[in-house]
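S.K.:
Residue numbers (our numbering): -6 to 394.
(1) Quick one: any contact between the segment 226 to 244 and the segment 177 to 187, if contact means 3 or more CB pairs under 8 Å?
(2) Quick one: is residue 382 buried, meaning 16 or more other Cβ sit within 10 Å of its Cβ, or exposed?
(3) Terminal residues of the continuous beta strand (DSSP E) containing residue 188?
(4) Name the DSSP bridge partner or partners of residue 78?
(5) For residue 291, which option in 307, 26, 261 and 271 has the closest C-alpha, if you only look at C-alpha atoms?
(6) Residue 332 and residue 75 look like a contact to me (Cβ under 8 Å); what is the Cβ gap, rounded to whole Å?
(7) Report yes or no: do three or more beta-carbon pairs, one from the segment 163 to 175 and one from the segment 77 to 92, lie closer than 8 Å?
(8) Looking at residue 299: is its Cβ nearer than 8 Å to the Cβ of residue 350?
(9) Hey, could you find the ends of the beta strand (DSSP E) residue 401 is sitting in?
(10) Leaving out the 5 sequence neighbours to the left and right, which residues in its chain are closer than 6 Å to residue 170 when beta-carbon positions are compared?
(11) Rounded to whole angstroms, what is the Cα-Cα separation between residue 108 and residue 36?
(12) First and last residue of the alpha helix (DSSP H) that includes residue 39?
(13) Just list the alpha helix (DSSP H) runs in the segment 322 to 373, keeping only unbroken ones of 4 residues or longer that don't cross its boundaries, in chain order.
(14) Could you check where the beta strand (DSSP E) with residue 214 kicks off and where it finishes?
(15) Return the chain-ordered list of same chain residues with a C-beta closer than 6 Å to the C-beta of residue 223, the five sequence neighbours on each side being excluded.
(16) Measuring CB to CB, does residue 116 end up less than 8 Å from residue 197?
(17) Taking Cβ positions, are residue 285 and residue 295 nearer each other than 8 Å?
(18) Can you tell me whether residue 268 is buried or exposed? The criterion is at least 16 other CB atoms within 10 Å of its CB, across all chains shown.
(19) Just to confirm before moving on: does the CB-CB distance between residue 178 and residue 356 stay below 8 Å?
(20) Could you tell me how far apart the beta carbons of residue 25 and residue 336 are, in whole angstroms, since I believe they sit closer than 8 Å?
(21) Take every Cβ of the segment 208 to 228, pair it with every Cβ of the segment 238 to 257, and state whether three or more of those distances are shorter than 8 Å.
(22) Would you mind reading off the limits of the beta strand (DSSP E) that contains residue 267?
(23) Mapping the DSSP letters down to three states, classify residue 175 as helix, strand or coil.
(24) When DSSP builds the beta bridges, which residues end up paired with residue 28?
(25) On the CB-based measure, 16 or more other CB atoms within 10 Å of its CB, does residue 167 come out buried or exposed?
Written out as structure tokens, the structure is:
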């Protein structure tokens, strides 16, 4: 629903509109997802008022309008969380918005400042099955030790690549404002999928991920291989980027992973473009894009098929998949939960776009958990991998502290 102001309709700002939806969700104990897709200027919102936490099979074409959320870990039932669109709204960021029935301050009966204060209080009460006390920041020594073990396993031939992660726990700023932060992220990271989602008793997350997992629109399927990281520096960082063999090979592994999955389903007709340097916030990555005409390939369910095959990609897990996953479970001392899982809108305006949940933060009471990982190969330098994760945590962390 696009809101267009009229001569007689009172208007509100985007921040006020987001606050109203957040207030409605949090006070009603409803599920909510808010997002802005890359290179667009539209904020989209789904409110699920069913009162039920739903888990669905990954048959995307059979799902109604909604928002899907899947953890990093494989699920025994093969299902993901799903927010079904009881209500859906879309508006242009930077334009005035008409107050719709059920959204006006007069109906809520509270001032904008009171709404913000109550949202802030409710965010601080968000608590999944585990509390923040169950998580501690990963020390530099611990992470470097893990990276060294990764390199040893690779050198011994057990792995080709593995992606260890770490947590940075920070205290939530007492003036933290979800709506304001969301809009600030949209402005700061135009090429990222900006998102906030809240599932009562499951999780409350905010992120700005640069990596699409699968996208289907019309007859076309798309995915990407994104890996390799360096700090964006200078006036034209993309043009001046210089990549080392370690990053080039790391990204090539992800591309090969995608191609190998195409081969598994005997898909031979696809377009591949890249790798090229892309900017994501304060970082640069190497990216290759893949595109398939599903009609020409006679594969209308390609999105669902590839979603199951690709997750978790070697960009967030490693190669080979099973051995890398086991290494992660054996050496990481925390549950990744939705970090490095996948999230995104399903069957919204004829499009499904699902992203890897990176550059993300989890809210637990007064604390925020920032998650970041680094791709480790035989040529990795542990200190550099620590620095990379610090830069990644800062992408969201600097907007929260």
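Glycine residues also receive a C-beta, built at the ideal position from the N, C-alpha and C atoms.
M.R.: Result, derived from the coordinates:
(1) no
(2) buried
(3) 186 to 192
(4) According to DSSP, which records beta bridges pairwise, residue 78 is partnered with nothing at all.
(5) 261
(6) About 19 Å separates the two Cβ atoms, so there is no contact after all.
(7) no
(8) no
(9) The question about residue 401 has no answer here: the residues shown for the chain are numbered -6 through 394.
(10) none
(11) 20 Å
(12) That residue, residue 39, is in no alpha helix (DSSP H); its beta strand (DSSP E) goes 35 to 41.
(13) none
(14) 213 to 224
(15) 277
(16) yes
(17) yes
(18) buried
(19) no
(20) That belief does not hold up - the Cβ atoms of residue 25 and residue 336 are roughly 13 Å apart, past 8 Å.
(21) yes
(22) 264 to 273
(23) helix
(24) 37 and 188
(25) exposed
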